[in-house]
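Take a look at the structure set out below.
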Amino acid sequence: MIATDALMWITPRPEIAFVAGRGSWLTDARDKRYLDFVQGWAVNCLGHCPDEIRDALASQAARLINPSPAFFNEPAARLAQALVANSGFDRVFFANTGAEANEGAIKLARKWGRKRRGGAYEIVTFENGFHGRTLATMSASGKPGWDTLFAPQVPGFPKARLNDLASVEALLGPNTVAVMLEPVQGEAGVIPATPEFLRALRALTAARGLLLIVDEVQTGMGRTGKLFAHEHAGIEPDIMTLGKGIGGGVPLAALLAREAVCCFEAGDQGGTYNGNPLMTAVGCAVLETLLAPGFLAEVAAKGDYLAAGLNGLSAEFGLAGERGAGLLRALVLTDERAPALVEAARDLAPEGLLLNAPRPNLLRFMPALTVSRDEIDQMLAMLRGLLARR
Ligand SMILES: *Cc1c(COP(=O)(O)O)cnc(C)c1O
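Residue numbers for the sequence shown follow the working numbering, so the first one is 104 and each next one is one higher.
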């Protein structure tokens, strides 16, 4: 095993070091293979080490890595054009992480509130929501316990309940500037906002002159079978953030907004690596792949296939069903053995299986969007063996 004691401890990690990956498979230092249904937390949308990303990195690295954010560069401009052409938004600001993109969204909404809403700054967010690990995005998140961790919080994020419009309305006041949510709450356990709720939220915010911000860091970039999850509800938000899948594994994120909201002045927003050509060239390659004819329809079809398989397991073992959208899904257990199942799946031999348990009673599945039906079958067979164990 490699020496890992110089790394700052932040969380328990298994004694495994991965040395290679390809598609849906990872290989560790002992040469054991693992079927990966976590994919870096829904990050590697094209799987491990896809040719598209390898080639984009190699050719861009040979041409230009970072001319500084004070100058335009071709890949950033091209990716912004493509995102605008394929969404309801007009302008893009690139960031490096989802949390940073959300910080940008919060800043943009507060700036807009200062200029257009008499200094309004409050952003209604949701219980159990997750928006990142910076101080402001932790404050915007509704993860239990985070309200006191690293106190004092950044103020201005009252919490409503998902799919409960009255709970949102009750929080609106003269200081409210926006409502912000994940179309599917990911870390909370894959809990979708209903299309009716999203439409009602859009109508409510429009009627009150407030902004609607969707955090699509986990749900965007094809994960749910459409390019962006809010498209399922047919709504047009004012601001959207992207992360995870947009870089296919490299650090890239984005903040998108409608023209009427774009009110940053010189010096308000920026960052050393923001929009660097090396990462945005990867973003171009990822987006081009997702937009290839038939790709997203195939994601939706494989999502249905995975859902059917999980429903089968649920029926067979008397579990509490499955839920999700596209290739972001969860299997709900009737007990709290999800963490133990994750460990047992990893320890399977000769080949292991990587799963995630965001809650003790819940397994989450976020395979590569390029996963095959065969690999879905393999995963289901491995999981079936584990569920049958006791
Ligand atoms: C992962 C995630 C974030 C944070 O992204 P980072 O790149 O880890 O900062 C924010 N919002 C949602 C919905 C996420 O799933």
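We put the CB at the ideal spot given by N, CA and C, even for glycine.
For M283, the CB contacts under 6 Å within the same chain, skipping 5 residues up- and downstream, are I226, T228, I316 in chain order.
The stretch 194-274 is shown to contain whole alpha helix (DSSP H) runs of 4 or more residues at 201-219, 238-243, 268-272, in chain order. For the stretch 369-402, the continuous alpha helix (DSSP H) assignments of 4+ residues that do not extend past its boundaries occur at 380-393, in sequence order. Remark: C-beta atoms of L416 and L434 approach each other more closely than 8 Å.
Within its own chain, the residues whose Cβ lies closer than 6 Å to the Cβ of W215, once the five positions on either side in sequence are excluded, are V364, C366, listed in chain order. Under the DSSP assignment, P178 falls in the alpha helix (DSSP H) whose first and last residues are 177-188. Distance from the C-beta of E206 to the nearest heavy atom of ligand 1 is not below 7 Å.
The beta carbon of F331 sits no closer than 7 Å to any heavy atom of ligand 1.
Nearest neighbour of E203 by Cα position, chosen from M111, K347, V187, P258, turns out to be K347. F260 sits away from K246, with the two beta carbons spaced by 8 Å or more. Between L307 and L301, the alpha-carbon positions lie close to 10 Å from each other. Inter-residue distance for V122 and Q184 is about 36 Å (C-alpha atoms, whole angstroms). Looking at the backbone, the Cα of A357 and that of E206 are separated by about 11 Å. G427 sits away from V280, with the two beta carbons spaced by 8 Å or more. Taking each of S270, L211, L129, K329 in turn and checking the Cα distance to A369, the smallest one comes out for L211.
Within the chosen limit of 7 Å, ligand 1 does not reach the beta carbon of Q142 with any heavy atom.
Bounds of the beta strand (DSSP E) holding W128 are 128-131. Across the structure, L138 and A452 are spaced so that their CA atoms are roughly 11 Å apart. Secondary structure note for D450: its alpha helix (DSSP H) is the uninterrupted segment 441-450. Distance from the CA atom of P380 to the CA atom of L182, rounded to whole angstroms, is 10 Å.
By the C-beta density criterion, R166 is exposed, having fewer than 16 other C-beta atoms within 10 angstroms. Taken through DSSP and simplified to helix, strand or coil, F367 comes out as coil. Counting of Cβ neighbours within 10 angstroms places I156 among the buried residues, the total reaching 16 or more. Less than 8 Å separates the beta-carbon of N459 from that of V445.
Here DSSP, grouped into helix, strand and coil, assigns Q288 to strand. DSSP places D139 inside the beta strand (DSSP E), whose first and last residues are 136-139.
Judged by the Cβ position, F196 fails to qualify as a neighbour of ligand 1 at the 7 Å threshold, every heavy atom of the ligand being at least this far. At least one heavy atom of ligand 1 sits closer than 7 Å to the Cβ of V320.
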